[in-house]
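Report on one structure; see the data block that follows.
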Amino acid sequence: MSVLRGKSILLGLSGGIAVYKSASLLRRLIRDHQCNVRVVMTRSAQQFMSPLIFETFSGTEVITDMFHAERETVGTRHIDRVRSADLFAVIPATANILGKVCSGIADDALSTMLMAADPERTLLAPAMNKHMYHHPAVQENLRRLREMRYRIVEPETGELATAVEGRGVGRLPGEHTLLHHLEKALYAQQASPLAGKRVLITGGPTREAVDALRFISNPSSGKMGTALAECAAAMGAEVTYVSGPVALPDPVDCRTLHAGSAAEMKEAVLSAYEAQDIVIMAAAVEDIRPRKAQKGKIKKSGIPDRLELERSEDILKLLGERKEGRVLVGFSAEFEDEIERSGAKLREKHLDWIVVNNPGKTAAAFGGDSNKVTVLGAKGEKTEFPLLSKKESAEKILQTLFNTGA
Ligand SMILES: Cc1cc2nc3c(=O)[nH]c(=O)nc-3n(C[C@H](O)[C@H](O)[C@H](O)COP(=O)(O)O)c2cc1C
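With the first letter of the sequence shown counted as 1, position 279 gets the number 284 in this note's numbering; the numbers rise by one all the way through.
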């Protein structure tokens, strides 16, 4: 269950072109997470979109004025609404609203409500033209807001609103990234045991070369590893993610290293291993590799009858021999006797936890969006989960391992 579920969120909209993205974000918060969302709009925001859209999606009156309201008593709602919300999120935040918050100006409903809010429970997502974003006043305001402990979502670099401007920094991140930062802000209120921990996570398959174009691999998609990496980052961990070759974007809010073969994955993992508190090996490191990769492409006429194979590196075993106080977590995919075999692997490789799945029973485990896992611990713990989305599985796994709460 996502940390967002059922939360009370105050969504502030200021007058930037990206405000249209907040409409679908609002729908997601309500439909997927059953959040209770109250929307506050500046006068400029209403030039871009009608409050009616947000009123329809949120099912409640949008706050557009300090002193007047259609259906509710105005009174001290600028204080009450703010203090009762779990989170105040201004998406998008204009250069103007950043400047106002920074200077303590409260001259409309949104800026006044922001003055009544706790900075640590307030998220600001600046979005503007690159020239505005680079202005020293905006940069100085952002520095001071960070110092005041506001939660700032960095804008992305990409195509800006007008074709003339082309690319640049200042774009509002996509819905997936915004939801991640909303979750992270809520986890930060729970004193998560993963806060500040350095966590290394691997995901995806490896490819073991037969020749310059062909390889031995497996159908791992990297979805489980990515979900774990993003979830650990939302829970406050500093995540390094080592990804095998996958067709997914890198996980949000993580440092990602890319590896092709098992040997490259071993190098990448070892390069980051020293600094880590926790290591979660969710990658499907290919166990089998050709003894020798052919140079160039093997011609049809020259296809050999046999391929000489050997075992590739057992990264998990190697890490188990160099644990030195780290928490080490493995994944195992077994078609038969999965619990017994995984338990043996846990002991043999000196792991603290192993996450077990049976791709024979759960067709979705490889490649799909859902998974059914059992978590085994070195002290005999055993927790079985039902079929869940990979995001939910990641939350359950991390909650079980590290007591991170919901
Ligand atoms: C077409 C258009 C697009 C704009 N986009 C942005 C924007 O993305 N970010 C921004 O900070 N200001 C943008 N502005 C300027 C703001 O609307 C303006 O500074 C306004 O005073 C902000 O008011 P508010 O912060 O009370 O909503 C835009 C203005 C126009 C006319």
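Glycine is no exception: its CB is placed at the ideal position from the N, C-alpha and C atoms.
Under 7 Å: does the beta carbon of residue i sit that close to some heavy atom of ligand 1?
i      : result
Met133 : yes
Ala100 : yes
Ser108 : no
Ile157 : no
Gly17  : no
Gly4   : Missing from the structure shown is residue 4; the chain here goes from 6 to 411 and no further.
Gly335 : no
Thr47  : yes
Met240 : no
Gly265 : no
Ala50  : yes
Met120 : no
Ile96  : no
Ala23  : yes
Gly11  : no
Met54  : no
Gly179 : no
Gly382 : no
Met137 : yes
Ser385 : Contrary to the premise, residue 385 reads as Gly rather than Ser in this sequence. Outside the cutoff, so no.
Gly163 : no
Gly20  : yes
Tell me whether residue i is buried or exposed, calling it buried when 16 or more other Cβ atoms sit within 10 Å of its Cβ.
i      : result
Gly171 : exposed
Asn363 : buried
His83  : buried
Glu243 : buried
Asn408 : exposed
Lys302 : exposed
Thr167 : exposed
Ala349 : exposed
Asp37  : exposed
Phe72  : exposed
Asp374 : exposed
Gln281 : buried
Lys304 : exposed
Phe59  : buried
Gly201 : exposed
Lys384 : exposed
Pro97  : buried
Ends of the beta strand (DSSP E) at residue i?
i      : result
Ser266 : Segment: none, Ser266 is in no beta strand (DSSP E) and carries neither H nor E.
Leu356 : Element bounds for Leu356: n/a, residue is neither H nor E.
Arg203 : Arg203 to Gly208
Phe336 : Val332 to Ala338
For residue i and residue j, which I take to be in contact (beta-carbon distance under 8 Å), what is that distance rounded to the nearest angstrom?
i      : j      : result
Arg331 : Glu180 : No, Arg331 and Glu180 are not in contact; Cβ-Cβ is about 35 Å, not under 8 Å.
Gly249 : Thr231 : Actually they do not touch by this definition, with Cβ atoms about 11 Å apart.
Val204 : Ile283 : 5 Å
Ile344 : Val360 : About 12 Å separates the two Cβ atoms, so there is no contact after all.
Thr99  : Ser19  : 4 Å
Leu183 : Val158 : 7 Å
Glu313 : Arg296 : 4 Å
Gly175 : Lys135 : 5 Å
Where do the ends of the alpha helix (DSSP H) carrying residue i lie?
i      : result
Arg351 : The residue you asked about is not Arg; residue 351 is Leu in the sequence shown. First-last of the alpha helix (DSSP H) with Leu351: Glu343 to Glu353.
Pro309 : Counting along the chain, Pro309 falls outside any alpha helix (DSSP H), and DSSP gives it neither H nor E.
Lys228 : Lys228 to Ala239
Ala100 : Ala100 to Ser108
Gly325 : Ile320 to Glu326
Lys387 : Taken as a continuous stretch (DSSP letters only), Lys387 belongs to no alpha helix (DSSP H), being part of the beta strand (DSSP E) at Lys387 to Glu389.
Phe62  : Pro56 to Ser63
Tyr192 : Glu180 to Tyr192
Tyr25  : Val24 to Arg36
Ile84  : Arg82 to Ser89
Pro141 : Pro141 to Glu152
Met120 : Ala114 to Met120
If we call anything under 8 Å between Cβ atoms a contact, is residue i one with residue j?
i      : j      : result
Leu333 : Leu323 : no
Asn376 : Leu393 : yes
Ala111 : Gly21  : no
Cys259 : Ala399 : no
Thr47  : Leu115 : yes
Ser222 : Arg212 : yes
Ala130 : Val87  : no
Ser89  : Ser13  : yes
Met240 : Leu199 : yes
His185 : Val251 : no
Ala267 : Val290 : yes
Leu16  : Ser27  : yes
Val379 : Lys366 : Note on identity: in this sequence residue 379 is Thr, with Val being the wrong assignment. Not closer than 8 Å, so no.
Thr65  : Pro56  : no
Asn146 : Leu177 : no
Cys107 : Arg151 : no
Phe336 : Met270 : no
Ala264 : Ala277 : no
Checking contacts by CB at 8 Å: is residue i closer than that to chain B?
i      : result
Leu218 : In the structure shown, chain B does not exist; there is a single protein chain.
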